[in-house]
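Numbering (our numbering), first residue to last: 910 to 1128.
Quick notes on the structure that follows.
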């Protein structure tokens, strides 16, 4: 009876500890797993199994590796918030699979993404005809974001799938998609309150209109 009680308490503590770790790592761990998130989650799960099996070892010593993994993940998330380049290094960049209705096979090959994957993810969004697709973006999480041609017809300007500025850094490829350059962008920022790049958290171009969100001043 004592062994059952000890095992039950150990299981309860491991459950609460893992719950705490995932709360510390943020909601993104559950809602949208990147490759790195998935690896950490699997490792924590494997360590938890060992903790429950090795009853003869000190509890704090067996759960310590889980704590280390969680701290590493939190630090990486912090650096990702501070640096766009680091974020792309860890999570990868979104890739346009279908651009203006044309499938980019070169991008598909670079992502090891085949036509069966594409058709499956399109069907999951209720699309059976490729002619319906204006843009399809493979997100860093592996999810496929789709903009239908019918969405683009609602306005003269087709929505661009990417922002133009992220954390003060110009997204050159996205400017090219809308037929603009850096000087046009800087002129737009000047028109919107004489803003500098390092003052912009995100800037997008949707339906012919510029959207700008300024960085909050940290006190």
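Glycine included, each C-beta is placed from N, C-alpha and C at the ideal position.
>> Counting beta carbon pairs with one atom in the stretch 1000 to 1011 and one in the stretch 1045 to 1056, are three or more of them shorter than 8 Å?
In response: Using a Cβ-Cβ distance cut-off of 8 Å, the stretch 1045 to 1056 and the stretch 1000 to 1011 are in contact, since at least three pairs of beta carbons, one from each stretch, lie closer than that value.
>> Restricting to Cα atoms, I'd like to know which of 977, 1119, 1039, 1013 is closest to residue 1089.
In response: Its Cα nearest to that of residue 1089, the residue 1119 stands out among 977, 1119, 1039, 1013.
> Quick one, which of 1084, 1091, 946 has its alpha-carbon nearest residue 986's?
Replying inline: The candidate whose alpha carbon is nearest that of residue 986 is 946.
>> Need the endpoints of the beta strand (DSSP E) that residue 983 sits in, please.
In response: Note, residue 983: premise wrong, no beta strand (DSSP E); alpha helix (DSSP H) at 968 to 991.
>> Please state the DSSP three-state secondary structure of residue 1063.
In response: Here the model assigns residue 1063 a pLDDT of 48, short of 50, so the residue's position is not dependable and the matter cannot be decided.
>> Quick check on the DSSP output: the beta strand (DSSP E) that includes residue 1110 runs from which residue to which?
In response: 1109 to 1115 is the span of the beta strand (DSSP E), which, as asked, contains residue 1110.
>> Excluding the 5 residues flanking residue 965 on each side, which residues of the same chain have their C-beta closer than 6 Å to its C-beta?
In response: Within the same chain, and ignoring the five residues on either side of residue 965 in sequence, no residue has its Cβ closer than 6 Å to its Cβ.
>> Rounding to the nearest angstrom, what Cα-Cα distance links residue 1013 and residue 1024 in this structure?
In response: Going by C-alpha positions, residue 1013 is about 11 Å away from residue 1024.
> Taking the C-alpha atoms as reference points, what is the distance between residue 918 and residue 996?
Replying inline: Rounded to the nearest angstrom, the two C-alpha atoms are 39 Å apart.
> When DSSP builds the beta bridges, which residues end up paired with residue 1054?
Replying inline: DSSP lists 1046 as the beta-bridge partner residues of residue 1054.
> First and last residue of the alpha helix (DSSP H) that includes residue 1025?
Replying inline: Secondary structure note for residue 1025: its alpha helix (DSSP H) is the uninterrupted segment 1024 to 1033.
> Using DSSP with H/G/I as helix, E/B as strand and the rest coil, what is residue 1089?
Replying inline: Collapsing the DSSP output to three states places residue 1089 in coil.
>> Let me make sure I understand the geometry here. Which of 1103, 1101, 1113 has the alpha-carbon closest to that of residue 1074?
In response: Closest option to residue 1074, Cα to Cα, is 1113.
> Starting from residue 1123 and walking both ways along the beta strand (DSSP E), at which residues does that stretch end?
Replying inline: Note, residue 1123: beta strand (DSSP E), 1118 to 1123.
>> For a quick check, are the C-beta atoms of residue 1094 and residue 1123 less than 8 Å apart?
In response: No; because the gap between Cβ atoms is not below 8 Å, this pair is not in contact.
> Would residue 1027 be called buried (16 or more neighbouring beta carbons within 10 Å of its own) or exposed?
Replying inline: Buried.
>> Do residue 1031 and residue 1016 count as a contact pair if the criterion is CB distance below 8 Å?
In response: Contact: no.
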